[in-house]
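Written out below as structure tokens is the structure these notes cover.
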Amino acid sequence: MKAFFTLFAFGSLIASTIANPIGTATGLQKRQDEDYSVQEASLNDLFAKIQEQTGAINKTVATAPDSPTDDEANAFAAEIAPQLEAITALLNTATASYSAKRDVVDSRTEKCDKTCIFGVITILIWEILGLVKFLIFKLGLACVLIYLQPLVLALVGLIKALDIVIGSLLFAVGGIVNQLLAAVGLGLLGLS
């Protein structure tokens, strides 16, 4: 009888080991840490490139008069169009990158979790929000709307791609995105 219970206990131990492997959880956590570190590094790179473009835009638009005529506003909009298109292209490239691959090996040694990604993407959204508000305030929405629409759509695409990869990102940055959409929406109300 003891042998039967021992065999039953041993069988239960084997079944529980198969059902709940211990090594998998740590391997998965390590992989997620590596993914977050890689994503943080690429988002920091993306943010630096976007800052270069927004700096060039701000420098150009700062020379515009406070109340430019339509011709002046259109001239400034045409002058900053390549930078706005470059930001849109950067966001689209990043979106495609996050949608397509997650198998990059990290060479960095520091750890990163979701809060790193949240911080970087929040700063990135604030940078674009500040740019959009500045352009609307300085030039008006009518002359830059054709460039802002793809820019906002590319930003939304990036956030959705990162939300799939990271999870709950959209919830975390939803308030900032709503401010961005409200800024463009209020500008559109002024056009009608």
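The sequence shown runs -19 to -1, 1 to 173 under mature numbering (1 follows the signal peptide of the UniProt record, and there is no 0).
Note that CB positions come from ideal geometry on N, CA and C, so glycine has one too.
In this text the structure is predicted, and so the values were computed from the model without any measurement.
| Check | Outcome |
| --- | --- |
| Residue 74 versus residue 53 - alpha carbon distance | 32 angstroms |
| 8 angstroms Cβ cutoff, residue 34 in contact with chain D | Although the question refers to chain D, the structure presented lacks it and comprises just one protein chain. |
| Spatial neighbours of residue 20 in its chain, beta-carbon cut-off 6 angstroms, leaving aside the 5 residues before and after | 98 |
| Residue 35 to residue 109 span [Cα, whole Å] | 8 angstroms |
| Closest by C-alpha distance to residue 60, when choosing among 153, 41, 27 and 76 | 41 |
| Nearest neighbour of residue 48, chosen from 136, 120 and 37 [CA to CA] | 120 |
| Residue 128 versus residue 70: straight-line alpha-carbon distance, rounded | 12 angstroms |
| Cα-Cα separation between residue 125 and residue 155, rounded to whole angstroms | 24 angstroms |
| Extent of the continuous alpha helix (DSSP H) run through residue 111 | 95 to 120 |
| Where residue 132 falls, given that 16 or more other Cβ within 10 Å makes a residue buried | buried |
| Residue 57 classed as buried or exposed, judged by whether at least 16 other C-beta atoms fall within 10 angstroms | buried |
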